[in-house]
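Here's the structure we're looking at; comments come further down.
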Amino acid sequence: MSTKRAQPTANNEKSKKQKTSGYWALGLLDTMKDPESIVMEDDLVVVIKDKYPKAEYHYLVLPKADISSLKKVNKEHLSLLQHMQHVASDLSTDDEHKHKNFKMGYHAEASMARLHLHLISDDMVSSCLKTKKHWNSYNSSFFLSSADICQQFEAEGVVKLPKSEVCRKLLDTPLKCHKCSFVPKHMPNLKDHILSHK
DNA sequence: GTTCTAGAAC
DNA sequence: GTTCTAGAAC
Numbered sequence: 026m027s028t029k030r031a032q033p034t035a036n037n038e039k040s041k042k043q044k045t046s047g048y049w050a051l052g053l054l055d056t057m058k059d060p061e062s063i064v065m066e067d068d069l070v071v072v073i074k075d076k077y078p079k080a081e082y083h084y085l086v087l088p089k090a091d092i093s094s095l096k097k098v099n100k101e102h103l104s105l106l107q108h109m110q111h112v113a114s115d116l117s118t119d120d121e122h123k124h125k126n127f128k129m130g131y132h133a134e135a136s137m138a139r140l141h142l143h144l145i146s147d148d149m150v151s152s153c154l155k156t157k158k159h160w161n162s163y164n165s166s167f168f169l170s171s172a173d174i175c176q177q178f179e180a181e182g183v184v185k186l187p188k189s190e191v192c193r194k195l196l197d198t199p200l201k202c203h204k205c206s207f208v209p210k211h212m213p214n215l216k217d218h219i220l221s222h223k
């Protein structure tokens with residue numbers, strides 16, 4: 026007799042097939058509700074710690090509104106995007122964080138549902154940072170600065186996101202240090218090197 | 001998004 | 001032989 030496997034929670038929801046790659050892609054929706062993970066929240070947004078931080082400090086700012094990704098954002102959301110940036114900026118300059126430099130931005134193509142703004146310190150020192158894809162997702166034009174995104178929405182009413190082939194190439198760009206011209210042989214070499222910038 | 005691991009690179 | 005990367009995961 027075979028053991029019954031518990032169905033994922035969506036069993037009682039509409040059975041239309043989602044194009045999501047799997048349940049993991051919805052993980053942020055749970056994390057947003059987890060008091061342990063929440064750093065702060067207001068009426069519009071929740072700030073959580075990234076579960077696999079790619080630098081000493083790494084937070085995500087997510088809207089409470091059901092916006093799955095940058096692709097679903099339109100000019101009506103401009104004030105929300107500005108608010109998300111403002112919340113991130115405030116956090117980055119509080120007493121705990123003002124000694125560090127931060128960047129704020131979106132991945133051109135995110136893996137996980139619910140729009141999220143990354144707030145990440147620029148040291149890039151973390152045991153969770155392992156792959157070239159990790160590196161390039163924060164240190165190439167795959168990383169779209171929040172200021173640029175807001176500005177483009179304000180000026181043009183839409184944001185032009187790179188096509189998926191372009192994203193793939195950006196993530197496969199040869200490694201280079203984000204603070205100097207050093208070209209590492211491989212990730213462990215780069216991780217050793219960036220310690221010298223601390 | 002991560003984990004795991006085969007086989008490429010050294 | 002060891003280190004490192006890259007692709008499958010039902």
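Residue numbers are given in our numbering: position 101 of the first sequence equals residue 126, and the series is strictly consecutive.
Even glycine gets a Cβ: it sits at the ideal position worked out from N, Cα and C.
Next on the checklist: According to DSSP, is P199 part of a helix, a strand, or is it coil?
Outcome noted: coil
Next on the checklist: I'd like to know whether the C-beta atoms of Y131 and L95 end up nearer to each other than 8 Å.
Outcome noted: The answer is yes: Cβ separation under 8 Å.
Item to check | Which listed residue (Q176, P209 and K125) has its alpha carbon closest to that of Q107 | outcome: Q176
Item to check | Nearest-angstrom Cα separation, counted from S221 out to H211 | outcome: 16 Å
Checklist entry - Residue ranges of each beta strand (DSSP E) run of no fewer than 3 residues wholly in the segment 83 to 149, ordered along the chain? => result 83 to 88, 127 to 132 and 142 to 146
Item to check | Straight-line gap, L169 to A133 (C-alpha atoms, nearest Å) | outcome: 6 Å
Checklist entry - When burial is assigned at 16 or more other CB atoms within 10 Å of the CB, is R193 buried or exposed? => result exposed
Item to check | Inter-residue Cα distance where the pair is A180 and V98 | outcome: 15 Å
Checklist entry - Is A90 buried or exposed, if buried means 16 or more other CB atoms sit within 10 Å of its CB? => result exposed
Checklist entry - What three-state label does DSSP hand S237 in the structure shown? => result An answer regarding residue 237 cannot be provided, because it is not within the stretch 26 to 223 covered by the chain.
Item to check | Anticipated Cβ contact below 8 Å, S171 with L142, distance rounded | outcome: 6 Å
Next on the checklist: Tell me the DSSP secondary structure of D212 in three-state form.
Outcome noted: Per the sequence shown, residue 212 should be read as Met rather than Asp. DSSP places M212 in helix when its eight states are reduced to three.
Checklist entry - Smallest Cα separation from E81: which of L105, K125, T56 and Q110? => result K125
Checklist entry - Taking the C-alpha atoms as reference points, what is the distance between H159 and D68? => result 31 Å
Item to check | Beta-carbon proximity list for L144, same chain, < 7 Å, skipping 5 on both sides | outcome: Y84, V86, A113, L116, S117, F127 and M129
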